[in-house]
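Trainee:
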Amino acid sequence: MLFRKFLVNPFVFSEIEMRNRLLKVLLPTSLLLAVFPVFAAQQAGKAPPEAAISCIQNVIDERDTSLANMAAGWSSSVKEALEARRDAEKASWEVADYKGRRVAQRKAWGDYDKVLRAANKTKTKERVQAWKKFDNDRQQCEVYSPEMVTGSTVDKNI
């Protein structure tokens, strides 16, 4: 009878196999998900000492102050570059001949590009340095939170 069923529908065994494989994956996963809150509750009861809290607060303050200064420096560099480009482009339209005007416009955009690249390079370098210093200082404080690690990827958008 089983053989006849296989001849009629050859996918019967593959469905059973699929079910067994799915159970092999879902059962351990559900077990882990059921046990995970227990581990989390055990870890949550452990508060860091007061010295570690003040240490990490100071380290966070240093990191974010450094990042804010980096953003302010980048912003002022780009603002000055934009203003210089604006003035150079406006002045280029006072050049009478076409070729001279094109040279002046290319120079305005080229100068802007150089300043923008340098500002972005400096910004990236300072951001990476701030996060490396933070990571090193955080380890000295002997505290940890996963958000401290993922925060550096969020700050790549600054």
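Residue numbers (numbering that gives the first Met the number 0): 0 to 157. Glycine is no exception: its CB is placed at the ideal position from the N, C-alpha and C atoms.
1) Can you tell me where the alpha helix (DSSP H) holding GLU141 begins and where it ends?
2) Along the chain, where does the alpha helix (DSSP H) containing LYS78 start, and where does it finish?
3) Pick helix, strand or coil for ILE165, following the three-state DSSP scheme.
4) How do the region 57-77 and the region 86-101 stand: do at least 3 beta-carbon pairs fall below 8 Å, yes or no?
5) Give a yes or no on whether the C-beta atoms belonging to ILE55 and ARG137 are separated by under 9 Å.
6) Sorted by chain position, which residues of the same chain lie with C-beta nearer than 6 Å to ALA103's C-beta, five sequence neighbours on each side aside?
7) Quick one: what does DSSP say VAL114 is sitting in, helix, strand or coil?
8) Would you mind giving the Cβ-Cβ distance between ALA83 and ASP110, rounded to the nearest angstrom? I have them listed as a contact below 8 Å.
9) Quick check on ASP134: does DSSP put it in helix, strand or coil?
10) Take LYS122 and list the residues in its own chain whose beta-carbon comes closer than 8 Å to its own, dropping the five residues that flank it on each side.
11) Pull up the distance between the alpha-carbon of GLU16 and that of VAL24, whole angstroms please.
12) Pull up the CB-CB distance for ALA107 and ALA129, whole angstroms please, since I reckon it's below 8 Å.
Mentor: Short version:
1) As a first step, residue 141 must be located in the sequence shown, where it is residue number 142. Segment: none, GLU141 is in no alpha helix (DSSP H) and carries neither H nor E.
2) By one-based count along the sequence shown, residue 78 stands at place 79. Taken as a continuous stretch (DSSP letters only), the alpha helix (DSSP H) holding LYS78 covers 49-91.
3) This structure leaves residue 165 out entirely; the chain is present only between 0 and 157.
4) Fewer than three Cβ pairs drawn from the region 57-77 and the region 86-101 lie within less than 8 Å of each other, which leaves the two stretches out of contact.
5) Your numbering for residue 55 matches position 56 in the sequence shown. Your numbering for residue 137 matches position 138 in the sequence shown. Yes, Cβ-Cβ distance for ILE55 and ARG137 is below 9 Å.
6) Numbered from 1 along the sequence shown, position 104 holds the residue referred to as residue 103. Closer than 6 Å at the Cβ level, and outside the excluded window around ALA103, lie SER91, VAL94.
7) In the sequence shown, counting from the first residue as 1, residue 114 sits at position 115. In the three-state reduction of the DSSP assignment, VAL114 falls in the helix class.
8) Within the sequence shown, residue 83 is the residue found at index 84, counting from 1. Within the sequence shown, residue 110 is the residue found at index 111, counting from 1. With 8 Å as the limit, ALA83 and ASP110 qualify as a contact, their Cβ atoms being about 7 Å apart.
9) For the purposes of this step, residue 134 is taken as the residue at position 135 of the sequence shown. Three-state result, ASP134: helix.
10) Your numbering for residue 122 matches position 123 in the sequence shown. Taken in chain order, the residues that qualify are MET69, ALA70, GLY72, TRP73, ILE157.
11) Working through the sequence shown from its first residue, we reach residue 16 at position 17. Working through the sequence shown from its first residue, we reach residue 24 at position 25. For GLU16 and VAL24, the distance between alpha carbons rounds to 13 Å.
12) Translated into positions along the sequence shown, residue 107 becomes position 108. Translated into positions along the sequence shown, residue 129 becomes position 130. About 33 Å; that fails the 8 Å criterion.
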